[in-house]
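No gaps in the numbering here: position 239 of the sequence shown is 239 in full-length UniProt numbering, and each next residue is one more. Ideal Cβ placement from N, Cα and C applies to all residues, glycine included. Here the structure is a predicted model, which means the values were calculated and not measured.
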Amino acid sequence: MSSPQSLCFLLVGLAWASWVLLPKVQAWRSHAAMLNAIPTVGPTGLLSGCIGTYRFFTNAREILQEGYEKYPNRIFKIALMDRWVIIATGRMIVQDIMKAPDNELSMIDAAAETLQVEYTLSKAVVIDPYHVSIVRTPMTRNIATRFAEVRDEIVSAFADHIPPSDDWVKVSAYKASFQIVGRTANRFFVGLPLCRNFDWLDLNTNFAVEVFISAMIINLFPAFLKPIAGRFLTRMPSSMKRATKHLAPIIEERLAKEYEYGTKDWPEKPNDLISWLLDEAQDEQRTVSDLVTRILAIEVAAIHTTAFCNALYQLAAHPEVVAPLREEIEAVVEESGWTKEAVSKMRKLDSFLKETLRFSGGGGLVNNRKVLKDFTFSDGTTVPAGVTIGVAAYMHHHDEAQYDNPYTFDAFRFYNMRNREGESIKHQTISPALDYITFGNGRHACPGRFFAVYEIKGLIAHILMSYDVKLENDGVVPPYEWHGPSMDPSSTGEVLFRKRRSL
Numbered sequence: 001m002s003s004p005q006s007l008c009f010l011l012v013g014l015a016w017a018s019w020v021l022l023p024k025v026q027a028w029r030s031h032a033a034m035l036n037a038i039p040t041v042g043p044t045g046l047l048s049g050c051i052g053t054y055r056f057f058t059n060a061r062e063i064l065q066e067g068y069e070k071y072p073n074r075i076f077k078i079a080l081m082d083r084w085v086i087i088a089t090g091r092m093i094v095q096d097i098m099k100a101p102d103n104e105l106s107m108i109d110a111a112a113e114t115l116q117v118e119y120t121l122s123k124a125v126v127i128d129p130y131h132v133s134i135v136r137t138p139m140t141r142n143i144a145t146r147f148a149e150v151r152d153e154i155v156s157a158f159a160d161h162i163p164p165s166d167d168w169v170k171v172s173a174y175k176a177s178f179q180i181v182g183r184t185a186n187r188f189f190v191g192l193p194l195c196r197n198f199d200w201l202d203l204n205t206n207f208a209v210e211v212f213i214s215a216m217i218i219n220l221f222p223a224f225l226k227p228i229a230g231r232f233l234t235r236m237p238s239s240m241k242r243a244t245k246h247l248a249p250i251i252e253e254r255l256a257k258e259y260e261y262g263t264k265d266w267p268e269k270p271n272d273l274i275s276w277l278l279d280e281a282q283d284e285q286r287t288v289s290d291l292v293t294r295i296l297a298i299e300v301a302a303i304h305t306t307a308f309c310n311a312l313y314q315l316a317a318h319p320e321v322v323a324p325l326r327e328e329i330e331a332v333v334e335e336s337g338w339t340k341e342a343v344s345k346m347r348k349l350d351s352f353l354k355e356t357l358r359f360s361g362g363g364g365l366v367n368n369r370k371v372l373k374d375f376t377f378s379d380g381t382t383v384p385a386g387v388t389i390g391v392a393a394y395m396h397h398h399d400e401a402q403y404d405n406p407y408t409f410d411a412f413r414f415y416n417m418r419n420r421e422g423e424s425i426k427h428q429t430i431s432p433a434l435d436y437i438t439f440g441n442g443r444h445a446c447p448g449r450f451f452a453v454y455e456i457k458g459l460i461a462h463i464l465m466s467y468d469v470k471l472e473n474d475g476v477v478p479p480y481e482w483h484g485p486s487m488d489p490s491s492t493g494e495v496l497f498r499k500r501r502s503l
């Protein structure tokens, strides 16, 4: 080939490379410039991802607290193995996240990444998350209708797991929370007799823990290793097999009834989660495997064992709140019985639960969003597409700019707020606010929070009416356990129970 021809091909090749590569280089530089403008907390440099991932996994509280104090009402970043995590602080930034459109900041994409659903659950729950609307509407709407059954299961579960005794009996708070919350929630979801089946309860209560732990570990790996880690670090195939054994006969019977009667509204149709899903499912969503996956996904999100465990510890640690709570519960139940309406009137109990969630409901990183387009906050800071944003719940809830004496547990903090003029319907546990982010904010606030709150209030009310409780060391809550950015109740702590004696 002649020299002029070689030169021509070289020039054409360079032009093509420039045309193809230059935009990518420019995009990379823009991405890097945006990230460089965001302050970093934790290690930087060549091995920052490896070191940062290890430190975040083992020491997240100190890292998050450092960033929160250094950069109030701003954002900062933390280096992980193959990505940056952006942490937002302060009300203004939280409001920006809440108002952002889904095509810029995506909650669904963030959840898929945080929980690594491709490996821990199924892609289907992200591609078409129709089950979320089931939680938001029919599930929430049926709390009042089904509350008598929930109450019946609360009484039965406590009688089985913590039989009343005249003597003090030590109970593992963490284990009892799984057993009792799991049974109560499943009475609402799948009804009798499955809600009392040991294998079913063992599966779905432990499955929730496995999903979160597996996801946390998979997220430690760089992207190219995640498929390998996901294959070996999750039990989804075996969990699906166990769940299908229990659910397939029920689902197949419901489908057969629809075919027999030619309608979804056949006589004596159960009013439960399986029916609510079948009412909305279309085409391939009406298969056993898809429905089992959706039920497991809802179980993971809706069984709030840590919230109840924290409430149990706080109740045992604060005997001074017992008398006013009992007085309120007795008065309300005498007037309205054990109903959803009655529970909604228990304002002191609601305040106690909300304060528990504020004070010790760590929640990890909440309001998580995946940045789909470069996004500019109201302070002028721009974050590039591809990163994930979250808010550190514990730090937010212990910020003196949000609450007076934030490190003091004040059981009736929110009850007193509701007694202010014009604020009687505010400050409820189910009501997200810029200073209260346990359940997220805005249109993406947790849709299952209504059932969770009524269930936990019902559980606490039953304890107050039936038992005396205390801690082995009076007033000393067992140390919390930090797993990455999440603060969880002690898994080894015990609460002492006896049959109620005091007024």
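Who are the Cβ neighbours of residue i in its own chain at under 7 Å, not counting the five residues just before and after it?
i      : result
Ala411 : His318, Val321, Ser351, Phe352, Glu355
Ile154 : Thr184, Gly458, Leu459, His462
Cys446 : Phe439, Gly440
Gly67  : Val41, Phe76, Ile87
Ile218 : Gln116, Tyr119, Lys226, Ala229, Gly230, Leu233
Asp167 : Arg498
Val469 : Leu315, Ala316, Ile463, Val495, Leu496, Phe497
Ala392 : Leu64, Tyr68, Ile87, Leu365, Pro485
Glu113 : Lys370, Thr388
Arg196 : Arg183
Ile134 : Trp276, Leu277, Glu280
Here's the rule I'm using: 16 or more other beta-carbon atoms within 10 Å means buried, otherwise exposed. How should residue i be labelled?
i           : result
Ser122      : buried
His427      : buried
Gly390      : buried
residue 508 : Since the first residue of the chain shown is 1 and the last is 503, residue 508 is not available in this structure.
Glu421      : exposed
Arg369      : buried
Val387      : buried
Asn416      : exposed
Glu328      : buried
Lys348      : buried
Asp467      : Sequence check: residue 467 is Tyr here, not Asp. With 16 or more other Cβ atoms within 10 Å, it is buried.
Ile63       : buried
Tyr261      : exposed
Asp488      : buried
Val125      : buried
Asp283      : exposed
Arg449      : buried
Asn367      : buried
Ser424      : exposed
Asp160      : exposed
Comparing alpha-carbon positions, which option in the options lies nearest residue i?
i      : options                        : result
Trp200 : Pro237, His131, Met107, Glu299 : Glu299
Arg294 : Ala243, Glu330, Trp338         : Ala243
Ile162 : Ser502, Arg501, Phe497         : Phe497
Ser289 : Tyr261, Ala302, Ala100, Leu247 : Leu247
Ser491 : Ser172, Phe207, Glu423, Lys499 : Ser172
Val333 : Leu312, Glu268, Lys345         : Lys345
Ile143 : Ala281, Ile218, Lys340, His31  : Lys340
Asp102 : Arg61, Val477, Arg418, Val371  : Val371
Asp474 : Gly493, Leu192, His483, Ser486 : Gly493
Pro39  : Thr140, Val190, Val383, Leu47  : Val383
Ser239 : Asn271, Leu203, Ile274, Ser214 : Leu203
Leu312 : Ala301, Glu210, Met92, Leu357  : Leu357
Thr137 : Gln179, Pro222, Pro72, Asp272  : Asp272
Cys50  : Ala33, Phe221, Ile108          : Phe221
Val437 : Gly361, Arg501, Trp482         : For the sequence presented, residue 437 should be read as Ile rather than Val. If we check each option's Cα against that of Ile437, Gly361 comes out closest.
Ala60  : Asn73, Pro432, Ile78           : Ile78
Glu481 : Asp265, Phe57, His396, Glu104  : Phe57
In the DSSP assignment, what residue or residues form a beta bridge with residue i?
i      : result
Met487 : Trp482
Asp468 : Arg498
Ile78  : Val85
Tyr436 : Ala433
Lys170 : Leu496
Thr40  : Lys77
Skipping 5 residues on each side, what residues in its chain have a beta carbon closer than 6 Å to that of residue i?
i      : result
Ser177 : Thr305, Phe308, Cys309
Trp338 : Arg151
Glu435 : Sequence inspection shows Asp at residue 435; the Glu mentioned does not correspond to that position. Same-chain partners within the cutoff: Gln402.
Arg146 : Phe188
Val169 : Phe497
Ile251 : Val288, Leu291
Using a C-beta cutoff of 8 Å, does residue i count as contacting chain B?
i     : result
Thr44 : No chain B is present in this structure, which holds just one protein chain.
Going by beta carbon distance, what residues of the same chain come within less than 8 Å of residue i, once the five residues before and after it are set aside?
i      : result
Glu149 : Arg187, Phe188, Gly191
Ser275 : Arg254, Lys269
Practice task
Quick one: which unbroken alpha helix (DSSP H) runs of 4-plus residues sit fully inside the region 341-407? Chain order, please.
Solution key: Runs of the alpha helix (DSSP H) inside the region 341-407: 347-360, 393-397.
Exercise for the section: Starting from the N-terminal side, write out each stretch of the beta strand (DSSP E) that is 3 residues or longer and does not extend beyond the region 96-137. Expected result: Listed in chain order, the beta strand (DSSP E) elements of length 3 or more contained wholly in the region 96-137 amount to none.
Exercise for the section: Within the region 139-218, note down every full alpha helix (DSSP H) run reaching 4 residues or more, in order along the chain. Expected result: You should have 143-161, 173-189, 198-218.
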